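Undergrad: Residue numbers (the working numbering): 6 to 309.
Using N, Cα and C, we set each Cβ at its ideal position, and we do this for glycine too.
For clarity, every value in this text was computed on a predicted model and none was experimentally measured.
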Amino acid sequence: MRATKDGVSISEIARRLVEVSRRHDFLPNVPKDCGTQLPSRASCLEIMQQLRSVLFPGFFRLAEFSPEALELHVGAILDRVAITLEEQVRRGFCFVCPGDEDSPSECRARAAGITRRFLERIPGVMELLAEDVRAAYDGDPAAKSPSETIFCYPGIYAITNHRVAHELYNLEVPVIPRILGENAHSVTGIDIHPGARIGRSFFIDHGTGVVIGETSVIGDRVRLYQGVTLGARSFPLDTNGVPIKGVDRHPVIGDDVVIYAGATILGRITVGARSVIGGNVWLTDSVPPGSVLSQGKESNFRKG
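So this is what it looks like as structure tokens:
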């Protein structure tokens, strides 16, 4: 095998890399009979693109079709989604299986059942997205039509990925919800954890820099602007100093709340319904319904 310029062999470098990966537990713990393939990011994103074309028929066409054949066209896409998704879910289960706890046949059966339940939820996801689109159109004077928000708005792209990912998350699908969420994050700059619970008629305007944490709960008809953070204030630790998983640590936002650009809301606090949180406000305490918060005025301003 070839050597580098200083004489170190490629095989020695390979040996070191494998040693480091084993020492730091980088190698996936896949059961022997489950296969070694992890979920495919490319396949997961293809599933999302196919679902986007179903959730917004005619907007993101994967093939030409006539309006009369729409139902057949949608059915054909869902057939492809079912086949690909079941395989990716199966791989996800194999990826997280501890040792040989679940057999390959059990992983396949679980994946098939989850895929069926997920597809049954797609009409409900479509209903929610229709309300999100209306909220975007009604909430932005610059929007010329609902169709424009579907085609162009980063907030609609992000919430579409999220509503799909959230259903998979609720079905306890490993890995894939995060792939879909991080795709939206990469494309739009909007970071929504798939565990976040978001109500009806949700609108993120502009969107860049928005962060919504895993245990956030957002009510109906909420509007956020760019740079808003719904984050955790601190992390409870176990005896080894490692953050404890599964603790509610993000805000609860009531119905009809507006949060303007750059606001940071931290911890398991409640923002009461119909409140308005001004730009750049830093909030770590609950506020009652109907509150209006704004940043304090600078007191040491001097004329030039």
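For V233 and R279, what's the separation of their Cα atoms in angstroms?
TA: About 17 Å.
Undergrad: What are the start and end residues of each continuous alpha helix (DSSP H) run of 4 or more residues lying completely inside the segment 33 to 103, in chain order?
TA: 46 to 60 and 75 to 101
Undergrad: Thinking C-alpha only, which one of R113, I164, C157 and E111 is nearest A135?
TA: I164
Undergrad: Let me know the secondary structure DSSP gives D5 once reduced to three states.
TA: There is no way to answer for residue 5, as the model of the chain reaches only from 6 to 309.
Undergrad: In angstroms with no decimal places, state the Cα-to-Cα distance between L133 and L83.
TA: 19 Å
Undergrad: Skipping 5 residues on each side, what residues in its chain have a beta carbon closer than 7 Å to that of R126?
TA: So the qualifying residues of the chain are E172.
Undergrad: At what residues does the alpha helix (DSSP H) containing G236 begin and finish?
TA: Unbroken run through G236 is the beta strand (DSSP E), T234 to G236; no alpha helix (DSSP H).
Undergrad: Helix, strand or coil for I164, going by three-state DSSP, please let me know.
TA: helix
Undergrad: In the structure shown, what three-state DSSP assignment does L173 receive?
TA: helix
Undergrad: From the DSSP output, in three-state form, read off S110 for me.
TA: helix
Undergrad: Would you kindly work out how many angstroms separate the C-alpha atoms of V79 and R121, rounded to a whole number?
TA: 16 Å
Undergrad: Under three-state DSSP, which class holds T220?
TA: T220: coil per DSSP, three-state reduction.
Undergrad: Whether or not the segment 43 to 55 and the segment 173 to 186 are in contact is what I'm after, with contact meaning three or more pairs of Cβ atoms, one per stretch, closer than 8 Å; do they touch?
TA: yes
Undergrad: Apart from the five residues on each side of it in sequence, which residues of its chain come closer than 6 Å, Cβ to Cβ, to A148?
TA: Y142 and T154
Undergrad: Could you compute how far the alpha carbon of F98 sits from the alpha carbon of A114?
TA: 11 Å
Undergrad: Assign Q93 to buried or exposed, taking buried as 16 or more other Cβ atoms, counted over all protein chains shown, within 10 Å of its Cβ.
TA: buried
Undergrad: Specify the secondary structure class of D137 as computed by DSSP and reduced to three states.
TA: Per DSSP, reduced to three states, the secondary structure at D137 is helical.
Undergrad: Please determine, among I203, G277 and T89, the residue with the shortest C-alpha to C-alpha distance to P44.
TA: T89
Undergrad: Under 8 Å Cβ to Cβ from V65, same chain only, skipping five residues before and after it: list those, please.
TA: First, the amino acid is wrong: residue 65 is Phe here, not Val. Correct list, in chain order: Q54, R57 and S58.
Undergrad: Judging by CA-CA distance, which residue of V178, D145 and N188 is the nearest neighbour of N166?
TA: N188
Undergrad: Per the DSSP calculation, V257 is bridged to which residue(s)?
TA: V222 and T275
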